[in-house]
Amino acid sequence: MSSASKISKLSKNVIRTRSSVTAINPQPEAIHLKALDSAKPYSEIPGPKPLPILGNTWRLLPLIGQYDVSDVARLSSLFYKEYGKIVKLSGLIGRPDLLFIYDADEIEKVYRQEGPTPFRPSMPCLVKHGEPWRTFRTKVQKPILQLRTVKKYIEPIEIVTKDFINRMIEMKDEHDEMPKDFDNEIHKWSLECIGRVSLDVRLGCLDPNPTPNSEPQKIIDAAKYALRNIAILELRFPFWRYFPTTIWTKYVKNMDYFIEICMKYIDEAMERLKTKTVVDEKELSLVERILASEPDPKTAYILALDLILVGIDTISMAVCSILYQLATRPEEQEKLYRELKRILPDPDEPLDSKKLDQMVFLKAFVKEVFRVYSTVIGNGRTLQEDMVILGYRVPKGIQVVFPTLVTGSIEEYVSQAEQFIPERWMKRESDRYKIHPFASLPYGHGARMCLGRRFADLEIQVLLAKIFRSYKLEFHTSHLTIKSHLCMHQMEI
Ligand code: HEM
Numbered sequence: 078m079s080s081a082s083k084i085s086k087l088s089k090n091v092i093r094t095r096s097s098v099t100a101i102n103p104q105p106e107a108i109h110l111k112a113l114d115s116a117k118p119y120s121e122i123p124g125p126k127p128l129p130i131l132g133n134t135w136r137l138l139p140l141i142g143q144y145d146v147s148d149v150a151r152l153s154s155l156f157y158k159e160y161g162k163i164v165k166l167s168g169l170i171g172r173p174d175l176l177f178i179y180d181a182d183e184i185e186k187v188y189r190q191e192g193p194t195p196f197r198p199s200m201p202c203l204v205k206h207g208e209p210w211r212t213f214r215t216k217v218q219k220p221i222l223q224l225r226t227v228k229k230y231i232e233p234i235e236i237v238t239k240d241f242i243n244r245m246i247e248m249k250d251e252h253d254e255m256p257k258d259f260d261n262e263i264h265k266w267s268l269e270c271i272g273r274v275s276l277d278v279r280l281g282c283l284d285p286n287p288t289p290n291s292e293p294q295k296i297i298d299a300a301k302y303a304l305r306n307i308a309i310l311e312l313r314f315p316f317w318r319y320f321p322t323t324i325w326t327k328y329v330k331n332m333d334y335f336i337e338i339c340m341k342y343i344d345e346a347m348e349r350l351k352t353k354t355v356v357d358e359k360e361l362s363l364v365e366r367i368l369a370s371e372p373d374p375k376t377a378y379i380l381a382l383d384l385i386l387v388g389i390d391t392i393s394m395a396v397c398s399i400l401y402q403l404a405t406r407p408e409e410q411e412k413l414y415r416e417l418k419r420i421l422p423d424p425d426e427p428l429d430s431k432k433l434d435q436m437v438f439l440k441a442f443v444k445e446v447f448r449v450y451s452t453v454i455g456n457g458r459t460l461q462e463d464m465v466i467l468g469y470r471v472p473k474g475i476q477v478v479f480p481t482l483v484t485g486s487i488e489e490y491v492s493q494a495e496q497f498i499p500e501r502w503m504k505r506e507s508d509r510y511k512i513h514p515f516a517s518l519p520y521g522h523g524a525r526m527c528l529g530r531r532f533a534d535l536e537i538q539v540l541l542a543k544i545f546r547s548y549k550l551e552f553h554t555s556h557l558t559i560k561s562h563l564c565m566h567q568m569e570i
């Protein structure tokens, strides 16, 4: 037998073997198509029924509407109670349907099927997606998520935080109470931290008595305004697409202000870099690292804009929530104090990554606050292909919402879900408590996961360590409730 015939015989065999394998185990593609064919139609998904012409947009309008769009957390929990694990909000004028999913396994499925360029159903007015997003993210991902870079910022963040605590001491009144607008003070601390990280400067937010017209206060006001009006621009009737409404005009003005400020500081950083002799790449700051690898400053501008815009309000609100929980839970506060006293016998000892690593109760407490009292209600994706979700065929283009604030409190996914137990997140207790890994995901998941998460964690850990090692916190006024806004992330290039 010639070698050629041997080969052809062999390949026939291979082909036969392959086809028989295919017959027994159909390819994933075929399974996917079959599942799509046998799924229930999209139209059968439960949810508020849209009216002819007005759709469901009227339900989100002030006065006549049934739902308060500025309180998305309440809206998503109402939907779950009323309709169950999958809820469709269709008939929203000028935007695709929103599909709320309250099933951790299905959320996992959607995340795991997302391609290399996931689409988050954020705001068409601001978002970059697809290739522009991927190119940008590839350039910035490594330095900003690299532990080596993040660790460099322990000291600067500790210095900013010490200044903030000194300011707290100055601000307290004769009864040791903080001012009523204490949340604005936390915004100042977070802006000062993120300014130090993303612009390489101290913005001066913690200077005593800044005027309402000071640059830091204007940046904070602009970030808050942008973040808190997104839901109104997006979910109510989008008049802004046809003519410049007051909210839209103010929103654009705020954005222009941001761009101006960021460009000013990045240009200054570039000038500094020109005259700096860099001996070791390790010495470079985050901004310098980006500028050194990307001569076009555009990437640095966008990164700074992203980090400042997204990094002020999200973290400030999370910190307010964490401080409130600690202040109203003296036993937990005591546990935290004991942990900190053990790791930092001298309260003035500088922090380092080794000490932060040992703060396991502190980290567990933060995770439990994120699970139960998160200020980010969840996340989402725009489907890039048809999918079967909870037995329904969901078409491409639909925006799915994962309300982690609700799924994190469902007993099926988290044992003793109604109880606040930080220890559930600690390794030594992990056998006692079940937690579905996709039930509570405060920073999202996958390729598009929060870009600032390492800095967010670091800033929170440093702040808690510095405050609770030396001070006790109490809360004396009436009970606080959380109101969550629809969140947006990222700017257009
Ligand atoms: C506790 C505070 C924070 C929470 C809970 C949070 C949560 C999130 C979530 C859920 C996403 C979407 C992730 C996904 O689609 O899978 C996100 C994206 C993002 N976050 Fe955060 N975040 C926080 C703080 C920060 C901070 C401090 C910064 C900046 C320093 C930041 C910058 C960003 C950016 C730039 C994105 C967009 C990522 C992308 O689309 O490529 N975040 N964040």
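Position in the sequence shown (first residue = 1) + 77 = our numbering.
For every residue, glycine included, the Cβ atom is placed at its ideal position computed from N, Cα and C.
Check, Outcome
"Under the DSSP definition of a beta bridge, which residues are partnered with T238?", "According to DSSP, T238 bridges with nothing at all."
"I need the boundaries of the alpha helix (DSSP H) containing L482, first residue and last residue.", "T481 to T484"
"Quick check on the DSSP output: the beta strand (DSSP E) that includes Y188 runs from which residue to which?", "No beta strand (DSSP E) holds Y188; the alpha helix (DSSP H) holding it covers A181 to Q190."
"In angstroms with no decimal places, state the Cα-to-Cα distance between E536 and Q402.", "18 Å"
"Would the beta-carbon of Y520 be found less than 6 Å away from any heavy atom of ligand 1?", "yes"
"Is the CB-CB distance between G457 and E191 below 7 Å?", "no"
"For E365, is the classification buried or exposed, using 16 other Cβ atoms within 10 angstroms of its Cβ as the cut-off for buried?", "buried"
"Quick check: what's the CA-CA separation for I296 versus F335?", "7 Å"
"From which residue to which residue does the beta strand (DSSP E) around Y469 run?", "Y469 to V471"
"Per the DSSP calculation, L175 is bridged to which residue(s)?", "L166 and Q476"
"With a threshold of 6 Å, establish whether the CB of R214 neighbours any heavy atom of ligand 1.", "yes"
"Please state whether the Cβ-Cβ distance between A181 and F515 is less than 7 Å.", "yes"
"Check whether the Cβ of M526 sits closer than 6 Å to any heavy atom of ligand 1, and report yes or no.", "yes"
"From V478 to D434, what distance separates their C-alpha atoms?", "33 Å"
"Identify, in the order they occur along the chain, each residue of the same chain with its Cβ nearer than 6 Å to the Cβ of K444, setting aside the five sequence neighbours on each side.", "W502"
"If you run the structure through DSSP and keep just helix, strand and coil, what is K257?", "coil"
"When we look at the beta-carbon of R448 and count the other beta-carbons within 10 Å, is it buried (16 or more) or exposed?", "buried"
"With distances taken Cα to Cα, identify the nearest neighbour of E551 among L350, A369 and D253.", "D253"
"Buried or exposed, going by whether 16 or more other CB atoms sit within 10 Å of the CB of Q218?", "exposed"
"Three or more C-beta pairs under 8 Å: does that hold for the stretch 505-514 against the stretch 365-374?", "no"
"Here's the rule I'm using: 16 or more other beta-carbon atoms within 10 Å means buried, otherwise exposed. How should R470 be labelled?", "buried"
"I believe I475 touches D174 by the beta-carbon criterion, under 8 Å. Please report the beta-carbon distance rounded to the nearest angstrom.", "5 Å"
"Can you give the Cα-Cα distance for M526 and I379, rounded to whole angstroms?", "17 Å"
"Roughly how many angstroms separate the alpha carbons of V274 and S362, rounded to a whole number?", "8 Å"
"Can you find the residues in the same chain that come closer than 6 Å, C-beta to C-beta, to T481, ignoring five residues on each side of it along the sequence?", "G455, S517 and L518"
"Within a Cβ cutoff of 7 Å, which residues of the same chain sit near I263, ignoring the five residues on either side of it in sequence?", "S393, V396 and C397"
"Distance, Cα to Cα, T391 vs T452?", "7 Å"
"Start and end of the alpha helix (DSSP H) containing T405?", "Taken as a continuous stretch (DSSP letters only), T405 belongs to no alpha helix (DSSP H), as it is neither H nor E."
"Tell me the DSSP secondary structure of T452 in three-state form.", "coil"
"If you check the beta carbons only, do C282 and I234 fall under 7 Å apart?", "no"
"Could you give the distance in angstroms between the alpha-carbon of K239 and the alpha-carbon of I246?", "11 Å"
"Does ligand 1 have even one heavy atom less than 6 Å from the beta-carbon of G388?", "yes"
"Ignore the nearest five residues each way along the sequence and tell me which others in F497's own chain have a CB closer than 7 Å to its CB.", "E445 and V449"
"Let me check you understand the geometry: is the CB of G281 closer than 6 Å to at least one non-hydrogen atom of ligand 1?", "no"
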